[in-house]
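Each remark here refers to the structure printed beneath this line.
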Amino acid sequence: MGTGDGSDRTPPPRADGSGHHVPEGQAPEEYGDHRGHGDGDDHEHRSRWPLIAAAGAAGLYAGVAIAVLGTETGLVPPLVGVALAVLGAGLLLSGVGGWLREAFLVPARDHDATASPESRESYVSTTVLFLATDVSTFGALFVYYAFVRVGAWPPAELPPLVGSLVAVNTAILLASSVTVHYAHAALEAENRRRFLGLLGTTLVLGLVFLAGQAYEYYEFVAVEGFSLDSGAFGTAFYGLTGLHGFHVALGVGAIGVLCWRALRGHYGPDRDTSVATVSLYWHFVDLVWLVLVAVLYVGASV
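Mapped onto the numbering used here, the consecutive letters of the sequence shown carry residue numbers 446 to 747.
As structure tokens, then:
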């Protein structure tokens with residue numbers, strides 16, 4: 446029974462981003478299915494945004510490939526590829542934006558809850574699924590590069606690819622993978638200062654890598670005269686490295702959000718879902734770069 450002054454009234458249940466009730470003590474990102482059916486439901490969260498982003502990425506790069514094929518061979522109208530690429534880009538941006546909002550921005554408004562192991566596992570599993578689809582996107586461009594290598598090699602437009610710049614960029618990206626790993630470990634050990642320092646270092650290293658790649662492009666285009674129009678190899682080189690650079694830029698943005706939330710104390714040993722998923726993505730980006738260096742930079746010189 447209430448006393449009449451409202452002091453013992455039970456607070457209304459909170460709601461997630463979809464308007465569904467969230468049990469007290471849980472944040473929206475930790476409460477299983479965002480499409481839940483009310484309080485007490487223990488549904489597993491399944492996000493649609495990574496799949497939308499993956500479909501958009503596939504459409505974008507398939508459209509670019511069709512446009513290039515149509516321009517070179519006339520088998521298909523290039524505008525078909527352009528239209529598909531525009532549609533794919535829209536889906537990709539929508540998927541990434543929705544994913545960031547769901548996994549980062551909405552939980553940031555209610556960050557004091559303890560993570561559910563089931564919810565954390567679901568987010569990580571969804572990220573792995575997204576990365577698996579991303580492998581096929583890179584794989585398609587690697588197949589194109591393989592066809593390029595079937596012809597006369599090396600092409601006349603091949604610039605000096607292996608040098609100190611690519612070595613430094615590789616070292617920087619590998620170092621960033623180490624720092625993000627130990628940042629997560631520091632979070633699990635409740636060492637906030639070390640966590641913040643290593644996470645900030647990862648962000649700086651990612652930005653330095655992007656600057657290094659931009660400078661490499663400048664050297665190739667302005668000094669060597671090697672551009673996207675420099676034959677089939679130029680298309681393959683800039684397609685693969687540009688796609689990877691785009692992924693790095695997305696990762697840098699995600700790490701920037703992690704830093705912003707970390708400074709506000711949103712993370713802890715049992716509240717690390719976002720840190721775990723972004724770390725997984727960043728390790729994937731680093732692994733792809735090693736394959737690129739081995740196949741595209743060193744392999745092109747063989």
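The beta carbon of each residue, even a glycine, is placed where N, CA and C say it ideally should be.
Asked                                                                                                             : Found
Residue interval of the alpha helix (DSSP H) (run including F665)                                                 : Careful: F665 lies outside any alpha helix (DSSP H) and carries neither H nor E.
Same chain only: Cβ atoms within 8 Å of G535, ignoring 5 sequence neighbours per side                             : G501
G684, enclosing alpha helix (DSSP H) - first and last residue                                                     : 676–708
Three-way DSSP call (helix, strand, coil) for L732 in this model                                                  : helix
Of the listed residues A656, V702, T647, L737, nearest to Y683 (C-alpha basis)                                    : L737
Coarse secondary structure for G596, derived from DSSP in three states                                            : coil
Nonlocal neighbours in the same chain, by C-beta distance under 7 Å from A707, ignoring five residues either side : F640, L641, L644
Where Y651 falls: helix, strand or coil (DSSP)                                                                    : The question names Tyr, yet the displayed sequence has Gly at residue 651. If DSSP states are grouped into helix, strand and coil, G651 belongs with the helices.
Among L632, V541, R594, I617, nearest to H427 - alpha-carbon criterion                                            : In the structure as shown, the chain begins at 446 and stops at 747. Residue 427 is therefore absent and cannot be evaluated.
In DSSP terms, what R716 is bridged to                                                                            : G713
DSSP-derived helix/strand/coil call for E635                                                                      : coil
Assigned secondary structure, F671 (DSSP; H/G/I helix, E/B strand, else coil)                                     : coil
Assigned secondary structure, R493 (DSSP; H/G/I helix, E/B strand, else coil)                                     : coil
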